[in-house]
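Below is one structure, written out as structure tokens; comments come after it.
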Amino acid sequence: MAVSLYDVTVPAFTLGLNNLGAILDKAARHAEAKKVDPKVMAQARLILDMLPLSSQVQIACDTAKGAAARLAGVTAPKHEDNESTLAELSARVTWTLDFLKTIGPKQLEGAQTREIVLQFPQMTMKFNGLDYVTKFALPNFYFHLTTAYAVLRKNGVELGKRDFLGQIQ
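One point on numbering: in the working numbering, the residue at position 32 of the sequence shown is 22, and numbering is uninterrupted.
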């Protein structure tokens, strides 16, 4: 049985974002219990030169929706990137999960050979669909999920490996 690009993307993004949503919910309960302003928590960083939690969540969401959209050949919806509280970040995760539900396996048939071009201010990256998923989209997604987890853990939110992995079966 062949594994499709859909099988290794949309379900993985969905699982990761569901887990991120649960982690953000734990962070909100922690902030409330410790009387920490949710805006302060959203701006927390691992170290000064890294992006804050809000950006980590936004980029994880953007990577998931962008990859699914590019592979399906549809335009990804845009977001303002103006979330400043844990509740707003949680809503962003939910919104992204809702978008992923609109992408079906048939839309990604043949996507492994689809040309994917990413334009950044300093460079352009070109991939076929398979290389885009394995060399950019999934590693980038997991980097930002992991960093969001680490920021919250560093700031006292009681999280463990099970929170990151979630319901894998």
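Think of the CB as a built atom: it goes at the ideal place given N, C-alpha and C, for glycine as much as any other residue.
Cβ distance (whole Å) where residue i is taken to contact residue j below 8 angstroms
{"i": "Asn61", "j": "Ala21", "result": "It should be noted that the sequence gives Leu, not Asn, for residue 61. No, Leu61 and Ala21 are not in contact; Cβ-Cβ is about 36 angstroms, not under 8 angstroms."}
{"i": "Leu120", "j": "Gln102", "result": "4 angstroms"}
{"i": "Val47", "j": "Arg82", "result": "6 angstroms"}
{"i": "Ala23", "j": "Asn145", "result": "Actually they are not in contact, since the Cβ atoms of Ala23 and Asn145 sit about 13 angstroms apart, beyond 8 angstroms."}
Residue from the options with nearest C-alpha to residue i
{"i": "Phe131", "options": "Thr53, Leu79 and Asp(-3)", "result": "Thr53"}
{"i": "Ala66", "options": "Phe133, Ala81, Thr86 and Asn72", "result": "Thr86"}
{"i": "Glu147", "options": "Arg19, Ala2 and Gly6", "result": "In the sequence as presented, Glu is not what sits at residue 147; that position holds Val. With distances taken between Cα atoms, Val147 lies closest to Arg19."}
{"i": "Thr84", "options": "Asp(-3), Ala(-8) and Gly6", "result": "Gly6"}
{"i": "Ile93", "options": "Ala(-8), Gly100, Leu36 and Gly63", "result": "Gly63"}
{"i": "Arg104", "options": "Arg35, Ala59, Glu70 and Asn72", "result": "Ala59"}
{"i": "Asn118", "options": "Pro111, Gly100 and Phe133", "result": "Gly100"}
{"i": "Asp71", "options": "Leu41, Asp88 and Leu98", "result": "Leu41"}
Cβ pair residue i, residue j closer than 8 angstroms
{"i": "Ile13", "j": "Leu149", "result": "yes"}
{"i": "Leu135", "j": "Leu10", "result": "yes"}
{"i": "Leu(-5)", "j": "Val141", "result": "no"}
{"i": "Met31", "j": "Ala17", "result": "yes"}
{"i": "Ala57", "j": "Ala127", "result": "yes"}
{"i": "Ala138", "j": "Leu36", "result": "no"}
Distance cut-off 7 angstroms: residue i Cβ against heavy atoms of the ligand MN
{"i": "Ser45", "result": "Ligands in the displayed structure: none, and consequently the ligand MN is not present."}
Through-space distance from residue j to residue i, alpha-carbon basis
{"i": "Asp39", "j": "Pro129", "result": "20 angstroms"}
{"i": "Val0", "j": "Lys25", "result": "36 angstroms"}
{"i": "Ser74", "j": "Asp27", "result": "11 angstroms"}
{"i": "Leu79", "j": "Thr4", "result": "16 angstroms"}
{"i": "Lys125", "j": "Ser45", "result": "21 angstroms"}
{"i": "Pro95", "j": "Asp(-3)", "result": "8 angstroms"}
{"i": "Arg152", "j": "Thr114", "result": "37 angstroms"}
(request) Ignoring anything shorter than 3 residues or poking outside the stretch 60 to 103, list the beta strand (DSSP E) runs there in chain order. (result) none
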